[in-house]
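Report on the structure given below.
Number of protein chains: 2
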Amino acid sequence: MESKAPNISDVAKLAGVSTATVSRALSKPETVAESTRIAVLAAAEETGYRVNLSARNLRRQRTGAIVILVPNLGNPFFSEILAGIETALSHADFNMLVVDTRQAYMKPQLVSEYLHATRADGIIALDGSLPDAVLAAASSGAGAPPVIFACEWTPHDRFPSVRVNNARGGEMAISHLAGLGHRRIGMISGPQDNVLTGARTRGAMEAFAAHGLELDPANLFPGDFSLEAGARAGLSWLDLTHRPTAVFCQSDQMAFGFISELARHGVSVPGDVSVVGFDDINIARRFIPALTTLRQPRTWLGVSAAELLISHIQATSSLAIETKVLEVDLMVRDSTRAIDA
Amino acid sequence: MESKAPNISDVAKLAGVSTATVSRALSKPETVAESTRIAVLAAAEETGYRVNLSARNLRRQRTGAIVILVPNLGNPFFSEILAGIETALSHADFNMLVVDTRQAYMKPQLVSEYLHATRADGIIALDGSLPDAVLAAASSGAGAPPVIFACEWTPHDRFPSVRVNNARGGEMAISHLAGLGHRRIGMISGPQDNVLTGARTRGAMEAFAAHGLELDPANLFPGDFSLEAGARAGLSWLDLTHRPTAVFCQSDQMAFGFISELARHGVSVPGDVSVVGFDDINIARRFIPALTTLRQPRTWLGVSAAELLISHIQATSSLAIETKVLEVDLMVRDSTRAIDA
DNA sequence: TGCTGCACTGCAATCGATTACATAAAGGTT
DNA sequence: AACCTTTATGTAATCGATTGCAGTGCAGCA
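From first to last, the protein sequence lines are chains A and B.
Note that the first sequence covers residues 9 to 349 in this note's numbering.
Note that the second sequence covers residues 9 to 349 in this note's numbering.
Okay, here's the thing in structure tokens:
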């Protein structure tokens, strides 16, 4: 009963051919005679043969796997991106190996372990703040698999990446609010040194300037993209004497936290303050009020990153460091309102 | 520059020992003399040697990877479970290979491909509705890696599983509402043949009976756990002449869809109708109103499933089919209210 | 001196599939 | 009939690490 798994020579024996022929019949069917092909397939079927991937990968000098470095797997923002990546990878016959870098920070050499070619044929990093040592290892040519950044990226653009136009998003958020007549506009930012925070803030600042407005430092609330940060910002907002009439939250989660905290204190959105988010996560259009926000094409980000990576893997010579920028869409819903209304 | 990756014999040569010694120095350091160990480690360091996993796995007859079958990666409900799984797996030096079964349904033989030992040392299925053919393959002893179900499970409990006490959850939801004085209680169910739907409904029914109540078929709204299903149920609710004063939604997403749709029509929760959800996803406590719901310990579900799987993998003989049931917690928040209030 | 035992280390087989190269058979050409 | 192609298949090397078995050398002991 517990006979061991059949291998290629079991099939060869049963079909009365050599292992070479079996291998060819299965992976390049057009190179063997029709009659042998049929015999081999029948034998494979009968024995229940499955190719051993370790052996194949060893011989072919590849792994068939792509590692995805995710800063925090528990964050639902990433799930749709992962879904996009998975779609594209599975079409190209790659497996998706997911690693939470927050975990791995415990043992940082573990992350750099993944950057070596024996584990993966390529890497997609969703985490822009990987330690320098790790990145250095990744760019040190010899035997290191290609790395693509998605959503986030590294300073100096040392790697190819796929991202949305974050600056433009920041700009659109502020312009939308300014267009509704808001003059005192606040902002909840992302984590301090994060590249997304930088880009969104830069865009927002340009829009402030373009509309002849200024961002009062008192109205800039530090955040980290989380629900809790949004709630904290809500409390800060309540404490202000000159409260902004509108707030741009650099993530939807923070917008929810912010609105929810205000609601607990009897402040209504958009009645008392307008709110714009960023991301357009699934629930945004069902939140109460439905959230005005900047939509990131998350599935598409994932698909693009995976396709870009695959093209790098299949390229014979090393490709240029390309940056692919997708546009964001302003989804106007119910959380923003003209100041006079 | 583009020299190929160093292998074990490069290290052996540099250290002046055999490949066997290098292998031992790296994986069983206590079996080699201290001086050799130091020499080998130095040589490994100098060459930048990394063990080739395909080769190691081929020789050791394992893959070092666990496949996770997820019904819909895009659904954020799973992200926290995945995070839990990842934690436990990485501690045990396993990689997590994530597969979306919705994708793979396009080519169902592809799913069964994963159930063979050459790809993974074990499998965690979050999808209870895998095709029978696939499951048959998985249970057919020879060479098939162990399978654990998490959250969902299969009819007849053919596999070990980790889940929450769904029936008890359904019971608690209805009892909570009945305890608040509600007599006409509705329910939005999950997908028709889903095991979770079955268990939650059964528990709910028992609670109905225990409180001397009945579930009017008109108040049973079919759903599928999604936001949209909840919204559709909202529209159905609005159409009723005898509207239930409380509704138990078998997922938080449906609760959000339901509440949101009602809000658009000027109906307030909990003012006009009380709502209980199921899952306690992150945003539940920040929704407006904060959602009363049954908390599933999602991280813990993931961790437990991974640990159970690992114990099966490491077991020399096959273990019993164990079912681990975790308890749910009723989180009372603002979406439910006593009928008289 | 000779023997036993222990601690290390090396040799070489092994895991299973792929593929360069060799060979064989069949068909085509002049 | 001699020779060249083409097509199909087999032989055997190869990918890189692991590990059973067989030394080798040295210490301890009689």
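Just so it is clear, CB atoms sit at the ideal spot from N, CA and C, and this is done for glycine as well.
Sub-8 Å separation of residue i and residue j beta-carbons
i	j	result
Pro163 (chain B)	Gly130 (chain B)	no
Ala207 (chain B)	Asn174 (chain B)	yes
Ala128 (chain A)	Ile74 (chain A)	yes
Leu270 (chain B)	Ile156 (chain B)	no
Gln261 (chain A)	Leu302 (chain A)	no
Val106 (chain A)	Leu90 (chain A)	yes
Arg210 (chain B)	Pro252 (chain B)	no
Ala133 (chain A)	Leu97 (chain A)	no
Val283 (chain B)	Thr324 (chain B)	no
Gly198 (chain A)	Phe229 (chain A)	no
Met339 (chain A)	Val255 (chain A)	no
Ser268 (chain B)	Arg294 (chain A)	yes
Ala212 (chain B)	Glu179 (chain B)	yes
Backbone CA spacing between residue i and residue j [nearest angstrom]
i	j	result
Asp348 (chain B)	Ala186 (chain B)	12 Å
Val275 (chain A)	Leu309 (chain B)	38 Å
Ile296 (chain B)	Ala298 (chain A)	11 Å
Leu334 (chain A)	Arg171 (chain A)	6 Å
Thr29 (chain B)	Gly265 (chain A)	58 Å
Lys36 (chain A)	Pro225 (chain B)	58 Å
Arg68 (chain A)	Gly56 (chain A)	23 Å
Ala33 (chain B)	Ala47 (chain B)	9 Å
Asn80 (chain A)	Ser87 (chain B)	9 Å
Arg110 (chain B)	Asn290 (chain A)	19 Å
Gly177 (chain A)	Thr331 (chain A)	17 Å
Ala13 (chain B)	Arg64 (chain B)	16 Å
Val203 (chain A)	Val119 (chain A)	21 Å
Met9 (chain B)	Val142 (chain A)	The predicted position of Met9 (chain B) is uncertain, since its pLDDT is 39 and thus under 50; no value can be drawn from it.
Cys257 (chain B)	Asn227 (chain B)	12 Å
Gly136 (chain A)	Ser312 (chain A)	17 Å
Ala241 (chain B)	Trp161 (chain B)	26 Å
Asn103 (chain A)	Pro84 (chain B)	21 Å
Asn15 (chain A)	Ala41 (chain A)	22 Å
His219 (chain B)	Ile182 (chain B)	9 Å
His273 (chain B)	Thr95 (chain A)	38 Å
Arg58 (chain A)	Asp201 (chain B)	32 Å
Val25 (chain A)	Ala314 (chain B)	42 Å
His124 (chain B)	Glu54 (chain B)	39 Å
Trp245 (chain B)	Gly279 (chain A)	28 Å
Ala237 (chain B)	Leu243 (chain A)	34 Å
Glu121 (chain B)	Ser17 (chain A)	20 Å
Ser31 (chain A)	Ala100 (chain A)	21 Å
Amino acids of chain A, ordered along the chain, whose beta-carbon sits closer than 7 Å to that of residue i
i	result
Leu49 (chain B)	Result: empty, since nearest Cβ-Cβ is about 14 Å, beyond 7 Å.
Gly82 (chain B)	Ser87, Glu88 and Ala91
Ala271 (chain B)	Ile296
Gln111 (chain B)	Glu94, Thr95 and Ser98
Phe264 (chain B)	Ile291 and Arg294
Ser268 (chain B)	Arg294 and Ile296
Distance cut-off 7 Å: residue i Cβ against heavy atoms of the ligand COA
i	result
Phe167 (chain B)	The ligand COA is not part of this structure, which contains no ligands at all.
Chain B contact residues for residue i, given Cβ-Cβ distances below 8 Å
i	result
Met104 (chain A)	Leu105, Val106 and Val107
Per DSSP, the bridge partner or partners of residue i
i	result
Val75 (chain A)	A:Leu105 and A:Ile131
Ser277 (chain B)	Looking at the sequence provided, one finds Val at residue 277 (chain B) rather than Ser. Per DSSP, none; premise fails for Val277 (chain B).
Leu195 (chain B)	It should be noted that the sequence gives Met, not Leu, for residue 195 (chain B). Answer by DSSP bridge pairing, in chain order: B:Leu228 and B:Phe256.
Lys332 (chain B)	B:Val170
Val354 (chain A)	Examination of residue 354 (chain A) is not possible in this model, given that chain A is present from 9 through 349 alone.
Ile156 (chain B)	B:Ile132
Met339 (chain B)	B:Thr301
Contact list for residue i against chain A, beta-carbon separation under 8 Å
i	result
Leu235 (chain B)	Asn290, Ile291 and Arg294
Cross-chain neighbours of residue i in chain B, by beta carbon under 7 Å
i	result
His124 (chain A)	Arg58
Arg127 (chain A)	Leu61
Ser35 (chain A)	Result: empty, since nearest Cβ-Cβ is about 15 Å, beyond 7 Å.
Task: Residues of the segment 55-73 of chain A whose Cβ lies closer than 8 Å to any Cβ of chain B, in chain order - done: Gly56, Arg58, Val59, Asn60, Leu61, Ser62, Ala63, Asn65, Leu66, Thr71 and Ala73
Open item on the list: Which residues of the segment 165-194 of chain B have a Cβ closer than 8 Å to any Cβ of chain A? Give them in chain order.
Closed with: none
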